[in-house]
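Student: A single structure is presented below for examination.
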Amino acid sequence: DTGVSQNPRHKITKRGQNVTFRCDPISEHNRLYWYRQTLGQGPEFLTYFQNEAQLEKSRLLSDRFSAERPKGSFSTLEIQRTEQGDSAMYLCASSLGLGQGAITDTQYFGPGTRLTVL
Amino acid sequence: AQKVTQAQTEISVVEKEDVTLDCVYETRDTTYYLFWYKQPPSGELVFLIRRNSFDEQNEISGRYSWNFQKSTSSFNFTITASQVVDSAVYFCALSVGGNMLTFGGGTRLMVKP
């Protein structure tokens, strides 16, 4: 059983550059979530997808952030014009959703992508 | 809005001691789910347990046990006979409506040999 995978595991970039992260969920899971975790804090929700539809976005997701899940499988998170405050661990999780508004399913997390903006 | 508070930022114990990690949550919803995750030094969040708001039975899994009390809005986690491998950051989380998780700030547990 393959878990959630994320690439790259580490990314170092200069301020102002664009970066893109990829997440591959567990194969039969139709829900996919993105979280951000800064040092010493708990993860904070960014956005989530049910299949290819983006159903919710946090106010943390500024206009510089965009997420896609084009075919309901893998997802990408892009950050444009990176700032030093974007330095964090970006976590992806997936779950077997039973439909909109259904009971919560357990979210399984990937290893994360650690972003450092210089 | 939902909120999860883990008042203990760091706990240090000696191996074989029992330790309890506290979690207090806030929500106005009557249907919700509570979770505990473990984050070892490698960084990946590992699921430990899920509990729904209608099930207040305590649960035991090996050396781990969980105490859910709606009256005090608490969902505490106890490790019995702690081991060095238990050293990690532990997160309590809350979910309402079946989507996003709201995490607490985490408790760093250090188990010394």
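Sequences listed follow chains A and B, in order.
Counting in this note's numbering, the first sequence runs from 91 upward without gaps.
Counting in this note's numbering, the second sequence runs from 2 upward without gaps.
Note that CB positions come from ideal geometry on N, CA and C, so glycine has one too.
(1) Which residue's Cα is closest to the Cα of B/Ser-83: B/Gly-63, B/Gly-44, B/Thr-32 and B/Thr-6?
(2) Kindly say whether A/Tyr-180, judged by its beta-carbon, lies nearer than 7 Å to any beta-carbon of chain B.
(3) Pull out every residue of the region 47-72 of chain B whose Cβ sits closer than 7 Å to any Cβ of chain A, in chain order.
(4) Would B/Gln-3 and B/Cys-24 be called neighbours here (beta carbons separated by less than 7 Å)?
(5) Starting from the Cα of A/Leu-122, find the closest Cα among A/Thr-128, A/Asp-114 and A/Leu-129 and give me that residue.
(6) Please confirm whether A/Leu-205 has its beta-carbon closer than 7 Å to some beta-carbon of chain B.
(7) If we call anything under 7 Å between Cβ atoms a contact, is A/Ala-183 one with A/Thr-128?
(8) Is it the case that the region 143-154 of chain A contacts the region 61-78 of chain B, given that we only count it when at least three CB pairs across the two stretches are under 8 Å?
(9) Measuring alpha carbon to alpha carbon, tell me which residue in A/Pro-160, A/Gly-162, A/Phe-135 and A/Ser-163 is nearest A/Leu-181.
(10) Measuring alpha carbon to alpha carbon, tell me which of B/Lys-113, B/Thr-108, B/Leu-110 and B/Ala-94 ends up nearest B/Tyr-34.
(11) Can you list the residues of chain A that B/Phe-104 reaches, using a CB-CB cut of under 9 Å?
(12) Shortest alpha-carbon distance to B/Ser-54 belongs to which of B/Ser-66, B/Phe-36 and B/Tyr-65?
(13) Taking the straight line between their C-alpha atoms, what separation do you get for A/His-119 and A/Arg-105?
(14) Which complete alpha helix (DSSP H) runs does the region 92-132 of chain A hold, if anything under 4 residues is left out?
(15) Just grab the DSSP bridge partners of B/Ala-94 for me.
(16) Inspect the beta-carbon positions of A/Gln-107 and A/Thr-166 and report whether they are closer than 7 Å.
(17) Have a look at A/Trp-124 and A/Thr-137 and give me their C-alpha separation to the nearest angstrom.
(18) So if DSSP puts B/Asn-53 in a beta bridge, which residue, or which two residues, is it bridged to?
(19) In three-state terms, what does DSSP make of B/Ser-75?
(20) Once the 5 residues before and after B/Glu-57 are set aside, which same chain residues still bring their CB inside 8 Å of it?
(21) Do you know how far the Cα of A/Gly-187 is from the Cα of A/Phe-139?
(22) Measure the alpha-carbon distance for B/Glu-45 versus B/Thr-31 and round it to whole angstroms.
(23) Can you look up A/Gln-174 in the DSSP assignment and give me helix, strand or coil?
Tutor: The structure says:
(1) Numbered from 1 along the second sequence, position 82 holds the residue referred to as residue 83 of chain B. Measuring from the Cα of B/Ser-83, the nearest candidate turns out to be B/Gly-63.
(2) Locating residue 180 of chain A in the first sequence gives position 90, where the first residue counts as 1. For A/Tyr-180, the closest Cβ of chain B is not nearer than 7 Å.
(3) Correct list: Phe-48 and Arg-51.
(4) If you number the second sequence from 1, residue 3 of chain B lands on position 2. If you number the second sequence from 1, residue 24 of chain B lands on position 23. Annotated as distal: B/Gln-3 and B/Cys-24, with beta-carbon spacing of 7 Å or more.
(5) Along the first sequence, one-based indexing puts residue 122 of chain A at 32. Checked all of A/Thr-128, A/Asp-114 and A/Leu-129; the closest Cα to A/Leu-122 is A/Asp-114.
(6) Reading the first sequence from its first residue, position 115 is the one you call residue 205 of chain A. At a cut-off of 7 Å between beta-carbon atoms, A/Leu-205 makes no contact with chain B.
(7) To locate residue 183 of chain A, count along the first sequence from 1; it is residue 93. To locate residue 128 of chain A, count along the first sequence from 1; it is residue 38. Taking a C-beta distance under 7 Å as the contact criterion, A/Ala-183 and A/Thr-128 do not qualify as a contact pair.
(8) Contact fails between the region 61-78 of chain B and the region 143-154 of chain A, because fewer than three Cβ pairs, one in each stretch, are under 8 Å apart.
(9) Indexing the first sequence from 1 puts residue 181 of chain A at position 91. The residue with the shortest Cα to Cα distance from A/Leu-181 is A/Phe-135.
(10) Along the second sequence, one-based indexing puts residue 34 of chain B at 33. Checking every option, the nearest Cα to that of B/Tyr-34 belongs to B/Ala-94.
(11) What you label residue 104 of chain B is simply residue 103 of the second sequence in a count that begins at 1. Here the neighbours are Tyr-125, Gln-127, Gln-131, Gly-132, Pro-133, Glu-134 and Phe-135.
(12) The sequence position of residue 54 of chain B within the second sequence is 53, counting from 1. Comparing Cα positions, the closest option is B/Phe-36.
(13) In the first sequence, the residue the question calls residue 119 of chain A occupies position 29. In the first sequence, the residue the question calls residue 105 of chain A occupies position 15. Using only the alpha carbons, I get a separation of about 35 Å.
(14) Qualifying alpha helix (DSSP H) stretches: none in this window.
(15) Translated into the one-based positions of the second sequence, residue 94 of chain B becomes position 93. Its beta-bridge partners are B/Phe-36 and B/Phe-104.
(16) Locating residue 107 of chain A in the first sequence gives position 17, where the first residue counts as 1. Locating residue 166 of chain A in the first sequence gives position 76, where the first residue counts as 1. No, the pair does not count as a contact, with Cβ atoms beyond the cut-off.
(17) Residue mapping note: residue 124 of chain A aligns to position 34 of the first sequence, counting from 1. Residue mapping note: residue 137 of chain A aligns to position 47 of the first sequence, counting from 1. Whole-angstrom Cα-Cα distance: 5 Å.
(18) Translated into positions along the second sequence, residue 53 of chain B becomes position 52. Bridge partners of B/Asn-53: B/Tyr-34.
(19) If you number the second sequence from 1, residue 75 of chain B lands on position 74. For B/Ser-75, the secondary structure class from DSSP, reduced to helix, strand or coil, is strand.
(20) Stepping through the second sequence from its first residue, residue 57 of chain B is reached at position 56. Its chain contains Phe-69, Gln-70 and Lys-71 as the residues whose beta carbon lies nearer than 8 Å to that of B/Glu-57, once the 5 sequence neighbours on both sides are disregarded; these appear in chain order.
(21) Mapped onto the first sequence, residue 139 of chain A falls at position 49. Mapped onto the first sequence, residue 187 of chain A falls at position 97. When the Cα atoms are used, A/Phe-139 and A/Gly-187 turn out to be separated by approximately 10 Å.
(22) Position 44 of the second sequence, counted from the first residue, corresponds to residue 45 of chain B. Position 30 of the second sequence, counted from the first residue, corresponds to residue 31 of chain B. Rounded to the nearest angstrom, the two C-alpha atoms are 30 Å apart.
(23) Here residue 174 of chain A corresponds to residue number 84 of the first sequence, with the count starting at 1. DSSP places A/Gln-174 in helix when its eight states are reduced to three.
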